[in-house]
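Heads up: the structure comes next, in structure tokens.
Residue numbers (my numbering): 49 to 252.
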């Protein structure tokens, strides 16, 4: 158990991994794509978020899908590339990419909510567990029709599966990332409790 909390990567490569991951994570694909498509500033519509869900509010499903994919892949790229220098480098870069998406310096530290990048980091560090996230999300979505609730439940299951599957440090990383994800979804949780959260396929 103690090895889960140990950190063998030196200060220099840790810092390099963090900077590399953070810079990748800060790329605001939702904002870039909507502006390139002539749809203006996505931060001025809906929730003001730069993620795929808010991009979908422009009415352009292809742009929303592209945003989802690219926001995920920046997490995957950060984790997978840095992992060439060891799993701890991958963890540092992946976590930094996640934080970069949530708090991009270029946008006044106001970014997305992190689900796509969360999945991307998971793909880069423990690709088979993405199937667990997907299965839980699909199951909950079918039962409840709430995308946010489906994602939140999946982020509860993933760290547990990682830890019991022997992923150790990666599991601990996702415990932290899941906690942050729930905090970032505070407004969604409040709407779910109030029964006012939009369901999948529902406008607004």
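Cβ atoms here follow ideal geometry from the backbone N, Cα and C, with glycine treated the same way.
Asked                                                                                                                                                          : Found
Tell me the DSSP secondary structure of residue 56 in three-state form.                                                                                        : coil
Starting from residue 239, trace the alpha helix (DSSP H) both ways and give me its first and last residue.                                                    : 234-242
Assuming residue 123 and residue 159 are in contact, meaning their beta carbons sit under 8 Å apart, how far apart are those beta carbons, in whole angstroms? : Their Cβ separation, rounded to whole angstroms, is 13 Å, which puts residue 123 and residue 159 out of contact at 8 Å.
Can you give me the C-alpha to C-alpha distance between residue 203 and residue 171, rounded to a whole angstrom?                                              : 14 Å
Do residue 162 and residue 110 have their beta-carbon atoms positioned less than 8 Å apart in this structure?                                                  : no
Taking C-beta to C-beta, are residue 184 and residue 201 nearer than 8 Å?                                                                                      : yes
Looking at C-beta atoms only, is the number of pairs between the region 123-134 and the region 88-102 that lie closer than 8 Å three or more?                  : no
Tell me whether residue 215 sits in a helix, a strand or coil according to DSSP, three-state version.                                                          : coil
Three or more beta-carbon pairs under 8 Å between the region 176-183 and the region 127-142, yes or no?                                                        : no
Along the alpha helix (DSSP H) that carries residue 185, what are the first and last residues, could you check?                                                : 178-192
What are the start and end residues of the alpha helix (DSSP H) that includes residue 90?                                                                      : No alpha helix (DSSP H) contains residue 90, which DSSP labels as neither H nor E.
Mind listing, in chain order, the continuous alpha helix (DSSP H) runs of no fewer than 4 residues lying wholly within the region 139-175?                     : 163-173
By DSSP, does residue 85 sit in helix, in strand, or in coil?                                                                                                  : coil
For residue 246, which of helix, strand or coil comes out of DSSP?                                                                                             : coil
For residue 74, which of helix, strand or coil comes out of DSSP?                                                                                              : coil
What's the gap between the Cα of residue 191 and the Cα of residue 234?                                                                                        : 22 Å
Decide if residue 252 is buried, meaning its Cβ has at least 16 other Cβ atoms within 10 Å, or exposed.                                                        : Because the pLDDT at residue 252 is just 47, under 50, the model does not fix this residue reliably, and the value given afterwards should be weighed accordingly. Per the 10 Å Cβ criterion, exposed.
Starting from the Cα of residue 279, find the closest Cα among 195, 223 and 244 and give me that residue.                                                      : Here the chain has residues from 49 to 252 only, and residue 279 is not among them.
In whole angstroms, what separates the C-alpha of residue 95 from that of residue 229?                                                                         : 16 Å
State the start and end residues of the unbroken alpha helix (DSSP H) segment that holds residue 102.                                                          : 100-104
If distances are taken between C-alpha atoms only, which option among 149, 173 and 56 comes closest to residue 79?                                             : 149
Is residue 252 helix, strand or coil when you go by DSSP?                                                                                                      : Residue confidence for residue 252 is low, a pLDDT of 47 falling below 50, so the modelled location carries little weight; the figure read from the coordinates is stated next. In this structure, residue 252 counts as coil in the three-state DSSP scheme.
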